[in-house]
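Participant: First, the structure itself, so that you have it in front of you.
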Amino acid sequence: EAPPVVSSGNKKDLRSPICCILGHVDTGKTKLLDKIRQTNVQGGEAGGITQQIGATYFPIEAIKQKTKVMAQYEKQTFDVPGLLVIDTPGHESFTNLRSRGSSLCNIAILVIDIMHGLEQQTIESIRLLRDRKAPFIVALNKIDRLYDWKEIPNNSFRDSFEKQSRAVKEEFQTRLTNIQIALAEQGLNSELYFQNKNMAKYVSIVPTSAVTGEGVPDLLWLLLELTQKRMSKQLMYLSHVEATILEVKVIEGFGTTIDVILSNGYLREGDRIVLCGMNGPIVTNIRALLTPQPLRELRLKSEYVHHKEVKAALGVKIAANDLEKAVSGSRLLVVGPDDDEEEMMDDVMDDLTGLLDSVDTS
Ligand code: GDP
């Protein structure tokens, strides 16, 4: 069984939306990602979740499983092939990228700790998202810490909440209201997602617990809802390539490689690529396209699977010559038969101006 890299077969031929998680430290970004990733949903095997380069891929079947408990409240169609979640919460490539139509992330999850409310990096994240006009939802995490919360693991928030005592409901409402006021002070109107009648104007809040898994079905449901209903144009396969460099790494046997999120189009072995380098543009050819070996096959000789061609959206490692000075956070372009290579070299170097401001010492 091949990893779902060259997937689709979808009538609408939408690609997988890409999602990033950000927020203040300790709000539960990592734990939430782990919880979403857990494959075993109460006996039902939600298989096929695969670790990619810098990202986790959730095939639509896994999302169907995990959102089953939502059926009593909401309908859902499953038009996208899956969901790609960037693994590093608040990854600097996302933070670094200047607006210029950056397409690394279609939707972001801003995690807020319900016990702490807005914190410094929450406010920075809000600014970033607004500057970029990036759509996002708020995960109001750690609801299990409300005094006397009765947990029902992996349940929808809506059902779990209905079953809480009056005191729990009141504490929740007080904390929610305070956080909504704090968000309004940042210029954001917000509403609990199932009471939100105007998704374009109001940010949706999904209460979650990364410990009990409550609210995770609601979160996945809403991600699908927003991306499928409101962004399907963005998710149509385009002929042109959109790709962002996440990391530059030396790998034994491959030399310097780049980890790339391919947001749109295809990459093929041998493609001529143009990217931004510290000392000027880099033009090279893709020598190898690599994804991690599926876990159960780790005893095989290589850690990586080679591909002739990969299709968005996915995380992929590229081996090629001259990648040593590649700049993470910048775009990667593919030279087509009618493209002007010189012009593309200028284009990618434009990214550097924005990126250098925020490059750290590492
Ligand atoms: P990050 O810095 O945002 O990635 O936060 P982590 O995922 O590392 O979580 C920070 C701490 O909060 C850890 O001790 C987690 O176990 C805890 N934590 C995260 N989510 C929850 C939650 O939903 N409920 C509770 N009670 N603890 C949580």
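Residues in the sequence shown are numbered from 371 upward in steps of one, following UniProt numbering. Glycine included, each C-beta is placed from N, C-alpha and C at the ideal position.
Considering only the beta carbon of each residue, do residue 439 and residue 651 sit closer than 9 Å?
Facilitator: Against a cut-off of 9 Å, the Cβ pair of residue 651 and residue 439 comes out as no contact.
Participant: Please work out which residues of its chain come closer than 6 Å, Cβ to Cβ, to residue 590, disregarding the five sequence neighbours upstream and downstream, and give them in chain order.
Facilitator: Closer than 6 Å at Cβ, skipping near neighbours: 433, 436 and 437.
Participant: Rounded to the nearest angstrom, what separates residue 474 and residue 528 at their Cα positions?
Facilitator: Each residue's Cα considered, the two are about 31 Å apart.
Participant: On the three-state DSSP scale, how would you describe residue 664?
Facilitator: Residue 664 falls in the coil class under three-state DSSP.
Participant: In chain order, what residues of the same chain have a beta carbon less than 6 Å from the beta carbon of residue 638, not counting five sequence neighbours either side?
Facilitator: Correct list, in chain order: 679.
Participant: Exposed or buried, which one is residue 451 when buried takes at least 16 other CB atoms within 10 Å?
Facilitator: Its Cβ being crowded by 16 or more others within 10 Å, residue 451 is buried.
Participant: Is the shortest distance between the beta-carbon of residue 602 and the beta-carbons of chain C less than 9 Å?
Facilitator: As a matter of chain content, chain C is missing from the structure shown, which is built from one protein chain.
Participant: In whole angstroms, what separates the C-alpha of residue 701 from that of residue 497?
Facilitator: When rounded, the distance between both Cα atoms is 22 Å.
Participant: Going straight from the alpha carbon of residue 406 to that of residue 581, what length do you get?
Facilitator: About 11 Å.
Participant: Looking only at DSSP bridge pairs, what is residue 554 linked to?
Facilitator: For residue 554, which the question treats as bridged, DSSP gives no partner whatsoever.
Participant: Should residue 544 go down as buried or exposed, given a rule of 16 or more other Cβ atoms within 10 Å for buried?
Facilitator: When all chains shown are included, residue 544 counts as exposed.
Participant: Is it the case that the CB of residue 457 approaches a heavy atom of ligand 1 more closely than 8 Å?
Facilitator: No, the Cβ of residue 457 stays beyond 8 Å of every heavy atom of ligand 1.
Participant: Pull the bridge partners of residue 613 from the DSSP assignment, please.
Facilitator: Bridge partners of residue 613: 632 and 702.
Participant: Please tell me whether, using a cut-off of 8 Å, the distance from the CB of residue 396 to the nearest non-hydrogen atom of ligand 1 is below it.
Facilitator: Yes, Cβ of residue 396 sits closer than 8 Å to a heavy atom of ligand 1.
Participant: Is it right to say residue 611 is buried, meaning 16 or more other beta carbons lie within 10 angstroms of its own, or is it exposed?
Facilitator: Its Cβ being crowded by 16 or more others within 10 Å, residue 611 is buried.
Participant: For residue 583, which option in 526, 636 and 615 has the closest C-alpha, if you only look at C-alpha atoms?
Facilitator: It is 526.
Participant: According to the neighbour-count rule (16 or more other Cβ atoms, all chains shown, within 10 Å of its Cβ), is residue 381 buried or exposed?
Facilitator: Bear in mind that a pLDDT of 49 at residue 381, under 50, signals an unreliable position, so the model cannot answer this.
Participant: Go to residue 688, then tell me how far its beta strand (DSSP E) extends in each direction, as first and last residue.
Facilitator: Run containing residue 688: 684-689, per the beta strand (DSSP E) assignment.
Participant: Residue 813 lies in the beta strand (DSSP E); which residues open and close that run?
Facilitator: Limits of the chain in this structure are 371 at one end and 732 at the other, which puts residue 813 out of reach.
Participant: Can we say the stretch 683-692 touches the stretch 617-631, given the rule of at least three CB pairs closer than 8 Å?
Facilitator: Short answer: they touch.
Participant: Can you tell me which residues form a DSSP beta bridge with residue 421?
Facilitator: In the DSSP output, where bridge partners are listed per residue, residue 421 has 426.
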